[in-house]
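Enquirer: The following block contains the structure, expressed as C-alpha cells.
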Amino acid sequence: MNKYKTVIIEDEKRAQILLQTILEKHFPNIEILAIADDLPSGVKAIHKHKPDFIFLDIEMPNYNGLEILDFFDENQIDFSIIFTTAYNHYAIEALKIAAVDYLLKPLNKEDIQEALGRFEKKNKSYNQESFSSLKSIITDKKINKIAVPEGNQLHFIKPEDIVYIKADNSYSELYLENGKQMIVSRSIKNFEDGLKENPCFCRIHKSYLINTQFVDKYDKSNGGWVTLSNKKELPISSEKIDDFMGLINKISR
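Shown next, in the form of C-alpha cells:
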C-alpha cells in the first residue's frame with residue numbers, strides 16, 4: 002500500500018474533525034502533516050511539508066479555496082488538490098469543466114476513497130493543466146450565489162434575494178425577498194465574511210446583517226433604526242452607525 006502525505010485546509014472545526022477522523026480510521030496509509038484554518042496558513046504548510054495532495058475547503062473567510070491558484074505558479078503545483086465544498090453550482094461547474102476533483106460536504110468514507118483512487122491515477126502534468134484551466138474559468142465566470150444548508154438540503158441563493166440575516170447564537174435566520182424564512186447552522190460572521198465583497202451588505206448590529214437595497218427608511222431617533230421593505234424595523238448599534246452611513250452615502254452618490 003502506497004504511503005501519502007496530506008494537508009487539510011478547512012476553517013470549520015467540525016469539518017476538520019470529521020475529515021481527520023475518517024482518514025485516521027479508514028486510511029492508515031495517509032499521514033496528516035498539518036491542519037490549517039485559513040488559506041495563507043495552508044499555503045505555508047504546503048511549502049513546509051511538501052504534501053502529495055491536500056484537502057481544501059472552498060468556502061472560507063478572507064480567502065476562498067479557489068484563490069490558492071493565486072499563491073502558486075503553474076510549475077509550482079506538484080501536489081494534487083481535492084476541493085471540499087458546500088458551495089454554489091457555479092463553483093462546482095467550474096471544477097467539473099476543469100476536471101479538478103472535489104467532494105461535496107458532508108464528507109464520507111466512500112467519497113473520499115473514490116477521490117483518492119482518482120488521485121493515484123493522476124500525474125504532475127495533469128494537475129498543472131487542470132489548475133491552469135480552472136484559473137481561466139473562474140476568472141471569466143463570476144460566482145454569484147451562496148450555499149445555505151437547511152436540514153439535509155443545500156439551497157443556492159442569490160445574495161440580492163436576501164433582505165436581512167439575524168444572528169441566533171451559532172445559527173442564523175435568513176429572511177428572503179419572497180417572504181421565506183430559513184434557519185441555518187452557520188454563524189452571522191460566516192455570512193458577513195462571505196458577503197464582504199458585495200457592496201450592498203452591511204452589519205448594522207451584532208445581531209443583524211442587512212441588504213441595504215431593501216432599506217425603505219432610516220430613522221435617526223433612539224440611536225438609529227432602519228425600516229426594511231418587509232416592514233421590519235431593526236436597530237443600528239452605535240459601533241456600526243459610521244459603517245452604515247458610509248455605505249449609504251456611497252450608494253446614494
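Each residue of the sequence shown is one higher than the one before, starting from 2 at the first, in the numbering used here. Where is the CB? At the ideal position from N, CA and C, for every residue including glycine.
#1: How close, in whole Å, do the beta carbons of I36 and I9 come, if the pair is a contact with beta carbons under 8 Å?
#2: So what's L108 in DSSP terms, helix, strand or just coil?
#3: Taking 8 Å as the threshold (C-beta atoms), are E174 and I184 in contact?
#4: Could you give the first and the last residue of the continuous beta strand (DSSP E) run that contains T7?
#5: For chain B, check one thing: does any of its Cβ atoms lie closer than 8 Å to the Cβ of D112?
#6: Would you list, in sequence order, the uninterrupted alpha helix (DSSP H) runs of no fewer than 4 residues that lie entirely inside the region 15-58?
#7: Classify N170 as buried or exposed, calling it buried when 16 or more other Cβ atoms lie within 10 Å of its own Cβ.
#8: Is S238 helix, strand or coil by DSSP?
#9: Do F56 and L105 have their C-beta atoms within less than 8 Å of each other?
#10: Distance check for Q17 and K26, CA to CA, integer angstroms please.
#11: What three-state label does DSSP hand I163 in the structure shown?
#12: Report the option in M61, F245, K6 whose CA atom is closest to the CA atom of E13.
#13: Do the CB positions of D58 and T7 come within less than 8 Å of each other?
Expert: Let's see:
#1: In the sequence shown, counting from the first residue as 1, residue 36 sits at position 35. In the sequence shown, counting from the first residue as 1, residue 9 sits at position 8. The pair is a contact, with the Cβ atoms about 5 Å apart (cut-off 8 Å).
#2: Here residue 108 corresponds to residue number 107 of the sequence shown, with the count starting at 1. L108: coil per DSSP, three-state reduction.
#3: Walking along the sequence shown from the start, residue 184 turns up at place 183. Walking along the sequence shown from the start, residue 174 turns up at place 173. Closer than 8 Å, so yes.
#4: As a first step, residue 7 is located in the sequence shown; it is residue number 6 there, counting from the start. 5-10 is the extent of the beta strand (DSSP E) around T7.
#5: Absence of chain B from the displayed structure is noted, only one protein chain being present.
#6: 40-50
#7: One-based indexing of the sequence shown puts residue 170 at position 169. That one is exposed.
#8: The residue labelled residue 238 in the question sits at position 237 within the sequence shown. Of the three classes helix, strand and coil, the one that applies to S238 here is coil, per DSSP.
#9: Locating residue 56 in the sequence shown gives position 55, where the first residue counts as 1. Locating residue 105 in the sequence shown gives position 104, where the first residue counts as 1. Taking 8 Å as the Cβ cut-off, F56 and L105 do not qualify as a contacting pair.
#10: Numbered from 1 along the sequence shown, position 25 holds the residue referred to as residue 26. Numbered from 1 along the sequence shown, position 16 holds the residue referred to as residue 17. If I take the Cα positions, the gap works out to 14 Å.
#11: Counting from one through the sequence shown, the residue named residue 163 turns up at place 162. Here I163 sits in strand by DSSP.
#12: The residue labelled residue 13 in the question sits at position 12 within the sequence shown. Residue M61 is the option with its Cα nearest to E13.
#13: As a first step, residue 58 is located in the sequence shown; it is residue number 57 there, counting from the start. As a first step, residue 7 is located in the sequence shown; it is residue number 6 there, counting from the start. Against a cut-off of 8 Å, the Cβ pair of T7 and D58 comes out as no contact.
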